[in-house]
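Chains as they are written, first to last, in my numbering: chain P, 4 to 148; chain Y, 4 to 148.
All C-beta atoms in this analysis are idealised placements derived from N, C-alpha and C, irrespective of residue type, glycine included.
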DNA sequence: AGGTAAATTGAAAACCAATTTCAAAGGGGC
DNA sequence: GCCCCTTTGAAATTGGTTTTCAATTTACCT
């Protein structure tokens, strides 16, 4: 994790931004709980130990995270932007349970390749993509009425 | 197109809702321009010929469209919900040009099959999915700086 | 260290699309 | 036509996001 904190500091100084106590705290907390947090989720978690930190600061800091590549903004249609920490791994997509909200990550290079092909067929150059599969997870299927 | 208007009327009466002048007008306009319209897009188009129709009515009517299957709500991350008329065809996904905003529809059963497989591997039952590929369309690639 | 310019912070306000409220107007079954 | 219930449109509200602004903090210079 240390290298990500360094990456963040480097990005800040490179952009003429400043390294502050709040930004360090927010990054620590963000890295600790790496699930798909909304700004509010993170704000509420932080507030327990650091009541002084404002919502706006969390919001702005998450924005910087996604600018410098530490986090990626996601939007699963529930009206909230969520941020996930970008591990150095491959791109991945999501299975989302409509019942309990569980989010499972997956990657499938075969799907990615087919996407490339579709894009090529239409003369498109891919910049990014997103694939979300909504449904019922194993647990919720069993509990279904 | 006539059968879709009938479908809508049937849905309304079946739900105990009423067939009104505004709903007919909105449906006509929606079917005429079948691109990916936001509520505001449609509202503005309608206002030219029918200044009396309010935004709330357009909003509520589009909601009914998606309830009865005439339209599907889409969300491409620009902060606005867009509605597309569901032709009786297969499910389809989208290629979206980041430069000019062009939206191209495509379908690929191979990708869908792989999605099914991924879901199965995780014990998931698919309810719906969405796949969006963002990039540059052929035209915008040529004009690129 | 101390000074200074520029960035940051937090509370509150603004924003913006989506959604709801409510009184007036409009359907449609009788 | 009558009555009950739905719909309409303007305006207000909501909820997440984003900006404003005065006070504070940071980074850099000497």
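Backbone secondary structure at residue i - three-state DSSP
i: residue 28(P); result: helix
i: residue 88(Y); result: strand
i: residue 108(Y); result: strand
i: residue 5(P); result: helix
i: residue 102(P); result: coil
i: residue 38(Y); result: coil
i: residue 65(P); result: helix
i: residue 124(Y); result: helix
i: residue 79(Y); result: coil
i: residue 22(P); result: coil
i: residue 114(Y); result: helix
Within 8 Å, strictly: CB atoms of residue i and residue j
i: residue 71(Y); j: residue 105(Y); result: no
i: residue 119(P); j: residue 132(Y); result: no
i: residue 32(Y); j: residue 45(Y); result: yes
i: residue 143(Y); j: residue 102(Y); result: yes
i: residue 38(P); j: residue 83(P); result: no
i: residue 81(Y); j: residue 117(P); result: no
Reference residue i, options the options, closest by Cα
i: residue 126(P); options: 109(Y), 79(Y), 20(Y) and 29(Y); result: 109(Y)
i: residue 22(P); options: 54(P), 68(P) and 90(P); result: 68(P)
i: residue 51(Y); options: 13(Y), 63(Y), 28(Y) and 117(Y); result: 28(Y)
i: residue 138(Y); options: 107(P), 16(P) and 122(P); result: 122(P)
i: residue 77(Y); options: 61(Y), 97(Y), 58(Y) and 63(Y); result: 97(Y)
i: residue 89(Y); options: 80(Y), 59(Y) and 36(Y); result: 36(Y)
i: residue 25(Y); options: 57(Y), 80(Y) and 74(Y); result: 57(Y)
i: residue 100(P); options: 74(P), 75(P), 63(P) and 146(P); result: 146(P)
i: residue 7(Y); options: 19(Y), 34(Y), 80(Y) and 18(Y); result: 34(Y)
i: residue 94(P); options: 20(P), 114(P), 62(P) and 16(P); result: 114(P)
i: residue 14(P); options: 107(P), 66(P), 49(P) and 62(P); result: 66(P)
i: residue 107(P); options: 10(Y), 17(Y), 54(Y) and 124(Y); result: 124(Y)
i: residue 20(Y); options: 5(Y), 85(Y), 63(Y) and 49(Y); result: 63(Y)
i: residue 30(Y); options: 55(Y), 10(Y) and 79(Y); result: 10(Y)
Residue i: first and last residue of the uninterrupted alpha helix (DSSP H) it sits in
i: residue 56(Y); result: No alpha helix (DSSP H) contains residue 56(Y), which DSSP labels as neither H nor E.
i: residue 144(Y); result: 141-145
Given a limit of 7 Å on CB to CB distance, which residues of the segment 122-145 of chain P reach chain Y?
For the segment 122-145 of chain P, which is checked against every Cβ of chain Y, the residues closer than 7 Å are 122, 125, 126, 127, 128, 129, 130, 131, 132, 133, 134, 135, 136, 137, 138, 139, 140, 141 and 144.
Identify each residue in the segment 39-50 of chain Y for which the Cβ-Cβ distance to at least one residue of chain P is less than 7 Å, and report them in chain order.
Along the segment 39-50 of chain Y, none of the residues has a CB nearer than 7 Å to a CB of chain P.
Could you name the residues of the segment 20-31 of chain Y whose beta carbon sits closer than 9 Å to any beta carbon of chain P, in the order they occur along the chain?
Of all residues in the segment 20-31 of chain Y, none has a Cβ within less than 9 Å of some Cβ in chain P.
Note down, in chain order, all residues in the segment 72-94 of chain P with a beta-carbon under 7 Å from any beta-carbon belonging to chain Y.
Residues 78 and 80.
So if I threshold CB-CB distances at 7 Å, which residues from the segment 101-116 of chain Y count as touching chain P?
In summary, the residues of the segment 101-116 of chain Y whose CB is separated from some CB of chain P by less than 7 Å are 101, 107, 109, 111, 113 and 114, in the order they occur in the chain.
Closer than 9 Å between beta carbons: that is the criterion. Which residues of the segment 56-72 of chain P meet it against chain Y?
Hits within the stretch: zero.
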